[in-house]
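Take a look at the structure set out below.
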Amino acid sequence: MRRNWKFYSQLGLTIVLCLFIVVPVVMSALAGVTVNVFQGLSSGFTLRWIIEVLDLYTDSILLSLWIALVCLVVTLVVGVPLAYVLVRRPGRWTRLFEELLTLPVAIPGLALALALLITYGGVSGYRSSWLFILTGHVLFTLPFMVRSVAAVMSAMDMKMLEEGAASLGAGFWRRFFTVIVPNAKPGILAGALMVVTLSIGEFNLTWMLHTPLTKTLPVGLADAYASMRLEIGSAYTLIFFVLIMPLLIAMQTLADRGKRASKRIDTAEDTL
Amino acid sequence: MTTQIKLRDCAKTFADGTRALAPFDLTIEGGETIVLLGPSGCGKTTILRMIAGLEFPDKGGVITFDGDDVTHQSIEKRRVGMVFQSYALFPNMTVAQNVAYGLKVHGVSRDESDARVKAMLEMMHIEMLADRAIDQLSGGQRQRVALARAIAVQPRVLLLDEPLTALDAKLRVRLRTEINALLRKLGITAVYVTHDQEEAMALGDRIVVMQKGEIAQIGTPRDIYRKPQNPFVADFVGAANRLDGQMRDGRLHIGNHVFDAVDAFDPRHGAIIDQGPVELFFRADGLSTCDAQDADFTGRVEAVSYLGERLRLTVSGIGPQSVMVDTHADDVIAAGADVHCQINPDRLTIFPAMRERTPAASDAR
Ligand SMILES: Nc1ncnc2c1ncn2[C@@H]1O[C@H](COP(=O)(O)OP(=O)(O)OP(=O)(O)O)[C@@H](O)[C@H]1O
Ligand SMILES: [Mg+2]
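Here the protein sequences line up with chains A and B, keeping their order.
Going by the working numbering, the first residue of the first sequence is number 1, and it counts up by one from there.
Going by the working numbering, the first residue of the second sequence is number 273, and it counts up by one from there.
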C-alpha cells in the first residue's frame, strides 16, 4: 500500500507535537549535567551538580520516598476494605461517603492544607512532624486508591465469588484474602502506583504543610529553583525524573495488560 | 450416609417487602434428587438459597438436616456443595486450585488433597485441564470444574441452580445425562433448580412445580406429566391444549358432543366432578385425526409443522383457542384444509372451570 500525503502530514504533525513536549524535557535534563548552561554544551559535561543536589537534598528525597511508602501502606490498609464496603453494600450512606471521599480531589490542595492547618496547626508535636504531611497525602491520594480498586471490584461479581467460597466453608477473612484481594489485584496495583506517584510529586499541599525540617522532594525542588544555580535545579529535576519515570512506565504497562486481558477472546473450544 | 432435608413453615419476605415464598413444607429424603421447576420469578432460587444458608426463612420457619436444626447456621457451617448458573469459579486460581480450595479450607493434608483433586478431575473428565486458567475454559468445561469443586469436599447436600442454562442445547443434554449418572453414583441428596421441563423430568426423582411463591404440585415425573393436579401444572408441563366443557350427570358435554365414562376426578378437592363447567387440558395426543364419519370435531388447519416422525397441526374452530393435533408424518395436509378429529377421553385432564373465567357458569354449581 502506498502511503499518501495525508499519512505523511499526520506523521509530521505528530512528530512536531512530540518534539514540543520532549525537547524541553531533554534540554532540562541536559542542563543538569552541563558545566555551564549559559555557555551551552560546549562547556562540557559534569556530575558535579547531581552530587551537589544529593549533598543538599538527600534528606528531602528520602523523606519523600518514606512518606510515599507509608502513604501507600495507609491507603492500602484503609482503601481496599473501604472500596470493598462501598461496592458490596451500596446504599444511601455509602454513596454519601463516596462523595465525601472525592472532596479532597475536587478542592484545591491549598484549601485542604489550610483546613488542616487551622484544625491541627496548634498541636505542635504533630504540626512539625512528617506525620502532618502524611495526613495531607493520605487525604489527597485515598480517593484514587478507592476509585481504582472499586472499579475492578464492581466488575467482578464479588457476591457470587464470595458465595462460592462460603459454600466451600471459607469464612469472611479467608474469602477476603484468598478470593477478593487476588482478583482485585489489577485495581490495587494501579491504585498503588498512582498513590506513590502522586505522593512523590505532590507540591501544593505539601508546600503549605512543610516546615524547614520536613521538606519533601518537590518542595526542595522549588527551593532549588528559587535560590540556587539553574544547573542545580536542573540536576534535581533529572533525579526526580529518574525516580518517577519507572513508576509512570509501570502504570502504563499495567493499564495495557489490563486492556489486553479483557480483550482476549475465549478460544477454548466447547468439545466437553 | 445421606442427609434428609426438612423445611417446615418456611416463608420468605425480602427486606424490601417482596413476598417471594408463602409458607410451605418440604421434605427431601436422603439420597433423593429433587427438582424445583417453575417459571421465572416463582421462588426456586430462593428455596435453594434458603437450604444453602444464603437466605434465612421468615420467623417461624425451621430447616433441619437429618434432624439437626440448621435454620440459623451460616453457609460456611452447613457443608453444602453449590453449583451456580454462572459457575462462580475463582479466576485467580487454576482449575486444580479451584477444586482444591474447599479441601484446603477444611484442613485436608496436602497429599490427600492432591489425590482427591486428581480423582475429581478424572471423574469429570477434565484431568488434562488441571493447570489451565479459568478464562481459558469453555462454558461446558467451566461447569465441570464447578461440579468437581462442589463435590470435592463431600458435602451433605448438593445444590444446583440452573447449572446448564448458559450452555448450548446439545451440550446441555449431554451434561444433563452425565450429571444424572453422577448423582446416582454419589447417592447424594441433591436439589436441582431449572425452568426446563424436560431437564426436570430427566433428572428428578421427584419434581416440585412452583407457581408464584407457592408449591403447585410435588410428585414423580410420571405423576406430574400424567396427573397434573391443577391447570397451572398441566399447562406448564406441556398440556397446552384447552377446551371448555360441561359435566352433567357424570357425562361430559363439549359443544354438542356428549362423552360417557369420562374419569372426571378433581385432584384438588379429591372429589368426582359430575356437575358444572369444566376445563379440559391435553397434549397433542389428546386429539387424533380420523375419517369424517367417526369425527367428534371438524376444524380448519391453520399451520402445519414437520417434526420428523410426525406432523403437528395447528387447528382452529374446535375450542376457544386453536389446538395442536399430531398426525402421521406421511399425511399430506396443507394449511386451509378441513380436518376431522376424534377425542381420546383418557388423555384428558379435567378441572372445574375457574371462577374468574366463567363467572356465570360457576353460580350454577
Ligand atoms: N434479594 C432480593 N430482594 C428482593 N426481592 C428478591 C430478592 N431476591 C429475589 N427476589 C424476588 O423474589 C422472587 C423470587 O425470586 P427467585 O430468584 O427465587 O426466582 P426464580 O424462581 O429463581 O426465578 P428465575 O428462574 O428467574 O431464576 C422474585 O420476585 C424476585 O424478584
Ligand atoms: Mg433463579
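Heads up, the beta-carbon is just placed ideally off N, CA and C, and yes, glycines get one too.
- Approximately 19 Å separates the beta-carbon atoms of A/Thr214 and A/Ile118; this is outside 8 Å, ruling out the contact.
- Secondary structure note for A/Asn36: it is in no alpha helix (DSSP H), with a DSSP letter that is neither H nor E.
- Excluding the 5 residues flanking it on each side, B/Ser577 has same chain C-beta neighbours closer than 6 Å at Arg584, in chain order.
- Contact check for A/Pro182 and A/Glu202: beta-carbon distance about 30 Å, past the 8 Å limit, so the pair fails to qualify.
- For B/Tyr464, no alpha helix (DSSP H) segment is defined; the enclosing uninterrupted segment is the beta strand (DSSP E) at Thr461 to Thr466.
- DSSP lists B/Cys282 as the bridge partner or partners of B/Phe296.
- At least one heavy atom of ligand 1 lies less than 8 Å from the C-beta of B/Met482.
- At least 9 Å separates the beta-carbon of A/Met208 from that of A/Met251.
- A distance criterion of 8 Å places the beta-carbon of B/Ser312 in contact range of ligand 1, judged by its closest non-hydrogen atom.
- B/Gln415 is positioned such that its CB atom lies closer than 9 Å to that of B/Ala438.
- At a cut-off of 9 Å, the C-beta of A/Val179 has a neighbouring C-beta in chain B.
- Counting along the chain, the unbroken alpha helix (DSSP H) around A/Gly220 starts and ends at Leu217 to Ser227.
- By the beta-carbon neighbour count (other beta carbons within 10 angstroms, threshold 16), A/Tyr8 is exposed.
- The Cβ atoms of B/Gly517 and B/Glu551 sit closer than 9 Å to each other.
- Along the region 158–185 of chain A, the positions whose C-beta sits under 8 Å from a C-beta of chain B are Met160, Leu161, Glu163, Gly164, Ala165, Ala166, Ser167, Leu168, Gly169, Ala170, Gly171, Arg174, Thr178, Val179, Pro182, Asn183 and Lys185, read in chain order.
- Residue state for A/Val123 is assigned as coil, using DSSP reduced to three classes.
- Excluding its 5 nearest sequence neighbours in each direction, A/Thr211 has C-beta neighbours in its own chain below 6 Å: Ser128, listed in chain order.
- For the region 331–350 of chain B, residues whose beta-carbon sits nearer than 7 Å to a beta-carbon of chain A comprise Ile347 and Glu348.
- Put simply, the CB of A/Met156 is near chain B, with a gap under 9 Å to one of its CB atoms.
- Taking 9 Å as the cut-off, the beta carbon of B/Phe362 is found closer than this to the beta carbon of A/Val179.
- Contacts with chain A (Cβ-Cβ distance below 9 Å) from the region 356–367 of chain B involve Phe356, Ser358, Tyr359, Ala360, Leu361, Phe362, Pro363, Asn364 and Met365, listed in chain order.
- Legend: CB atoms of the region 377–401 of chain B lying less than 8 Å from CB atoms of chain A belong to residues Val377, His378, His397 and Ile398.
- Sorting A/Thr253, A/Ala166 and A/Leu54 by C-alpha distance to the C-alpha of A/Thr237 places A/Leu54 at the top.
- Under the three-pair Cβ rule at 8 Å, the region 277–296 of chain B does not count as touching the region 439–458 of chain B.
- With fewer than 16 other Cβ atoms from the protein chains shown falling within 10 Å of its own Cβ, B/Asp521 counts as exposed.
- Beta-carbon to beta-carbon, B/Gly325 and B/Ser346 are separated by about 5 Å, close enough to satisfy the 8 Å threshold.
- Residue pairing for B/Ala405: DSSP places it in a beta bridge opposite B/Thr366.
- The DSSP-derived three-state label of B/Val380 is coil.
- For B/Gly374, the chain A residues whose C-beta falls within less than 7 Å of its own C-beta are Leu168 and Gly169, listed in chain order.
- Annotation: A/Gly171 to B/Lys349 spans about 9 Å, alpha carbon to alpha carbon.
- Uninterrupted alpha helix (DSSP H) stretches at least 4 residues long and entirely within the region 409–474 of chain B occur at 411–424 and 441–458, given in chain order.
- In the three-state DSSP reduction, B/Glu301 falls in the coil class, being neither helix nor strand.
- Following the DSSP letters along the chain, one finds A/Val179 in no alpha helix (DSSP H), marked with neither H nor E.
- For B/Ala324, the residues of chain A that pass the 7 Å Cβ criterion are Ser167, in the order they occur in the chain.
- For B/Gly289, the closest Cβ of chain A is not nearer than 9 Å.
- Shown here for B/Gly580: same chain residues with a beta carbon closer than 8 Å to its own, the five before and five after excluded, namely Ala601 in chain order.
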